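Since the structure comes first, as structure tokens, the remarks are kept for the end.
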Amino acid sequence: MLLYIIPTYICNLDCKKCYSKKYLEEYPNNLSWTNFINIYKFFNLKYNNFAFIGGEPTKWKFINESILFLHNKNKYVSIFTNGIIPLNVVPDNLIITGNNIFDPKLKDNIINNLLFYKENGVKIRLRFNIDITFEKEHLHEAISLSKLFADFVSISILYPMDNSHDYGNIIFELSKKLHYNSIPVTIIRATPLCLFNQEQREFLISNCKLRGKCSLPTNSLVINPDGQTIQPCVELNLKRDISDLLKYSPKRIFTDELNKIRFNRDYKCNTCKFFINDECWGGCLSYLLPNLKSDFNPSQLLKS
Ligand code: SF4
Ligand code: SF4
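Residue numbers for the sequence shown follow numbering that gives the first Met the number 0, beginning at 0 and rising by one.
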């Protein structure tokens with residue numbers, strides 16, 4: 000099971016659509032060392048995988064100490080980062096947002112850090128967030144960067160989605176090219192299946208783990224910088240106190256509320272075969288499906 004620790008919602012960038020900004024007011028203080036140790040003691044027996052996510056976790060003053068601490072306890076450590084601030088202690092796994100490397104002001108710095116991590120044997124996952132501004136030249140750059148640095152690539156829609164079907168073609172083109180370059184690709188987060196034509200869908204489901212629904216509820220958990228509040232994933236604002244875990248599993252704590260969200264999804268999905276067959280929940284549960292173009296008619300999918 001995986002525990003995601005958010006040590007801070009502060010970040011050194013201001014990426015559009017990032018969920019961090021909306022939580023920073025609620026959690027202005029960073030995780031203290033004492034609370035980090037308390038978290039470790041609370042979860043130690045059940046969790047072997049610890050991930051730090053943010054905000055930007057490398058902005059947290061104890062990030063290097065905490066990686067060292069967890070490694071000394073034989074835990075597996077992942078860091079989700081924009082790659083700008085170098086780590087002095089390397090984790091097992093780094094998830095770096097590849098989109099930032101397209102920015103000429105950030106590129107050299109991030110690439111230097113990637114070279115260092117690569118030399119030190121860290122597993123690198125480049126993550127590309129897709130929206131309708133993800134242009135052709137980004138596609139070529141994403142492939143060259145992945146060939147140079149990535150052990151794996153994650154591709155995700157940047158939610159909330161814009162009102163466009165172009166996401167499907169961009170995700171398909173990028174995934175197909177990476178797959179044919181023998182780079183393992185995972186399409187993460189629930190992705191509306193109607194963004195793709197049948198051929199694209201079949202390819203992406205077989206080769207890139209495309210899914211129309213996420214895996215929630217799971218026993219993986221997110222813990223906030225107060226060291227006290229838990230939620231089922233970084234995007235879903237369903238909050239509970241850590242003490243609830245003394246009675247129930249994370250899965251049990253969040254099931255009812257998640258089901259309420261699932262079954263009150265957008266009316267546009269109600270007649271769709273993927274929705275009826277429980278293959279698609281209309282994208283990420285945190286966001287409503289936008290009014291996609293008028294040629295989109297989910298009920299037609301019933302006939303396909
Ligand atoms: S359930 Fe909704 S989002 Fe998913 S494929 Fe059907 S219409 Fe599209
Ligand atoms: S609700 Fe959205 S962010 Fe959360 S696990 Fe599901 S797809 Fe991912």
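Beta carbons: idealized from backbone N, C-alpha and C, even for Gly.
Predicted, not measured: the structure shown is a model, and the values here were computed from it.
Practice item. Could you tell me whether the region 144 to 151 touches the region 112 to 122, where touching means 3 or more Cβ pairs closer than 8 Å? Key: yes
Review point. In angstroms, rounded to a whole number, what distance separates the CA positions of Lys208 and Ile186?
Key: 6 Å
**Study point:** Option nearest Glu234 by Cα separation, candidates Leu93, Asn11 and Leu220
**Key:** Leu220
**Study point:** Close Cβ partners of Trp59 (< 7 Å) along its chain, the five nearest in sequence each way excluded
**Key:** Pro6, Thr7, Asn29 and Leu30
Exercise for review: Would you tell me roughly how many angstroms separate the C-alpha atoms of Asn71 and Ile38, rounded to the nearest one?
Suggested key: 16 Å
Practice item. Quick one: residues in its chain with C-beta nearer than 6 Å to the C-beta of Phe305, no 5 flanking neighbours on either side, listed in chain order? Key: The structure shown does not extend to residue 305, since the chain is modelled only from 0 to 303, so the question has no answer here.
Practice item. Quick one: residues in its chain with C-beta nearer than 7 Å to the C-beta of Val89, no 5 flanking neighbours on either side, listed in chain order? Key: Tyr116, Asn119 and Val121
Review point. Under a criterion of Cβ closer than 6 Å to any non-hydrogen atom of ligand 2, which residues qualify, in chain order?
Key: Arg188, Ala189, Cys213, Leu215, Cys232, Glu234, Leu235, Cys283, Leu284 and Ser285
Exercise for review: Using beta-carbon positions only, say whether Ser174 and Ile154 come within less than 8 Å of one another.
Suggested key: yes
Review point. What's the call for Gly282, buried or exposed, on a 16-neighbour Cβ count within 10 Å?
Key: buried
Review point. Counting pairs of beta carbons, one from the region 134 to 145 and one from the region 177 to 195, are three or more of them closer than 8 Å?
Key: yes
Practice item. Quick one: residues in its chain with C-beta nearer than 7 Å to the C-beta of Lys250, no 5 flanking neighbours on either side, listed in chain order? Key: Pro216, Thr217 and Asn218
**Study point:** Rounded straight-line distance, which links the Cα of Gln199 to that of Asn48
**Key:** 33 Å
Check your understanding: Is Gly226 near ligand 1, in the sense that its beta carbon is under 7 Å from a heavy atom of that ligand?
Key -> no
Point to revise | N-terminal and C-terminal residue of the alpha helix (DSSP H) that Gln199 is part of | key: Gln197 to Cys207
Review point. Per DSSP, Gln227 is paired with what?
Key: Partner(s): none; Gln227 has no beta bridge.
Practice item. Reducing DSSP to helix, strand and coil, say where Arg251 ends up. Key: helix
Review point. Where DSSP assigns a beta bridge to Phe151, which residues make up the other side?
Key: Arg124
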